[in-house]
Each structure stands twice: as structure tokens, then as C-alpha cells.
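Numbering (our numbering), first residue to last: 183 to 380.
What follows is the structure in C-alpha cells.
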């Protein structure tokens, strides 16, 4: 586990990879990654470009703990309901798109991510005088790409685009804020940022 303390607002980000298996057609041809204008070597070869165009944290649930005592309190949540997020794809896709994600970005991408019933999130310590808020959900990435053709040693756009969103990971954000009573006495409390990668 990696911990980093920084100045700024107090927030903790936790990312967790899922082991879900993508529902891919076995007969889908393997992709050939490329970029428009990039070099290629086999005249007439087909390829595909892919780029991430944005990210958004989709919150599925929250938990809150306010600490007015003298010792740390645990901020935790046990899930009573499972949540699943699958990718959404549009346009012209006749190849193994998930494999294109793997060779272009990371083998960690899956077409589906799931939070299971009974999973426990945390505990994260809430210091005296603070309120902790835990939000959990999915970090979704939007993407776009196009089919390519190798012509004259360069990849050119073949005019068959595709696009969509993919759940990159299960995601937790933990934020801490000073309680109102502490703010009135101390003014704006110094802020810290804690990040955890799991």
C-alpha cells in the first residue's frame, strides 16, 4: 500500500481492480493498434486507433462519520447491495475491442466491474474534530477510435468510427472536513491529502 501526504483538501482515493471477465466473441479478429498518420509496413493492412477522451467518477453509495470525541473513529461501509457496471460501445466494431485496450493501455481493463454484496470498505481513520465521507462507485472512461488502413506506409482513417465508455476500475473516494465547531475556533484547518492504491 502506498501512502502520500500532501497539502490541499483532505481526500483519499482508492482504486481496486476487478477480476471480471469480458464477454468477447471468440471469433473476433485480433486488433492491430495504430494512429492516424503513424507509420505502418503492410500495404492495405487494417488497423484500429483508440484514445481515452475523459474520466468520470460515478458514485453508487456513501457513508459518513462525524467525530466529536478524543480518539480516531473508523469510517467503514459493508455493502448490502451488489453493483455492476458494464461498458457501452457504439459505432463499427468487428474486432476484439477489449484486446485493443490491453495492447494500447493496460491488461487491467475489463468490460465489466462489480461490487459484491458483503464487501467491506475501509476502515479509514477519522481524526477528532473531523467528519469523514466515503463515496464508492466506478471510475468510467470515455473513449473513441476509428478503423485504419495502411496506405503508402502511413495509417489513414478508413471512416468507420467507434466510441463508448468503459468502467476502468472500482473506485473509492474518502474526504475529510473540519467539523463546524472546530472551524469557528481554529479558522480554516490545514488540509491534507491521503492517497491509497490497493
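Even for Gly, the Cβ is constructed at its ideal location relative to N, Cα and C.
Keep in mind the model is a prediction, meaning the values are calculated, not measured.
- Going by DSSP, residue 296 is part of no alpha helix (DSSP H) but of the beta strand (DSSP E) stretching over 294-297.
- The stretch 307-319 and the stretch 246-254 touch, with three or more beta-carbon pairs separated by less than 8 Å.
- Judged by their CB atoms, residue 260 and residue 302 are nearer to each other than the 9 Å cut-off.
- Proximity of the stretch 289-302 to the stretch 217-224 falls short of the contact definition, fewer than three beta-carbon pairs being nearer than 8 Å.
- DSSP, read as helix, strand or coil, puts residue 238 in strand.
- Distance from residue 345 to residue 272 at the Cβ level is roughly 5 Å; contact confirmed, criterion being Cβ atoms closer than 8 Å.
- Look at residue 362 here: in three-state DSSP terms it is helix.
- Of the residues assessed, residue 278 falls on the buried side of the cut-off, its CB having 16 or more other CB atoms within 10 angstroms.
- In terms of Cβ geometry, residue 287 and residue 321 do not form a close pair [threshold 9 Å].
- When the beta-carbon positions are compared, residue 324 and residue 236 come within less than 9 Å of each other.
- In the DSSP assignment, residue 284 is bridged to no other residue.
- According to the DSSP assignment, residue 262 belongs to no beta strand (DSSP E), since it is labelled neither H nor E.
- Separation of the CB atoms of residue 355 and residue 239 is rounded to 7 Å, and the pair is thereby assigned contact status at 8 Å.
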